[in-house]
Amino acid sequence: MNGPRVKEILSLTPEQQTLSVTGWIRTVRDSKEFAFAELNDGSCLSNLQLFLDKKKPELAAAIPGLST
6 MNGPRVKEIL SLTPEQQTLS VTGWIRTVRD SKEFAFAELN DGSCLSNLQL
56 FLDKKKPELA AAIPGLST
């Protein structure tokens, strides 16, 4: 897998930044305006929580295809 690992990302100081991550979806919680997904790459036991804003068309189109 390319890019930073979940373990590395979780050790960073929280900032608003854009990162590209790879891994698999553990859970998805979908609501009307947004969704949350938990991503893991096997680098640690913790998951990375993703906030998916349905106002962005590319994210809204991808959410139905997410599964665990």
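Throughout, the working numbering is defined as the position within the sequence shown, counted from one, plus 5.
Beta carbons: idealized from backbone N, C-alpha and C, even for Gly.
Under the three-state reduction of DSSP, Glu13 is assigned to helix. Under the rule that a run must span 4 or more residues, the alpha helix (DSSP H) segments found entirely inside the segment 45-72 read 62-67. The criterion of a C-beta distance shorter than 9 Å is satisfied by Leu55 and Phe41. Residue pairing of Thr32 in beta bridges, as defined by DSSP: Glu43. Residues of the same chain with a CB within less than 8 Å of the CB of Ile30, apart from the 5 flanking positions on each side, are Ala42, Glu43, Leu44, Leu71, Ser72, Thr73 in chain order.
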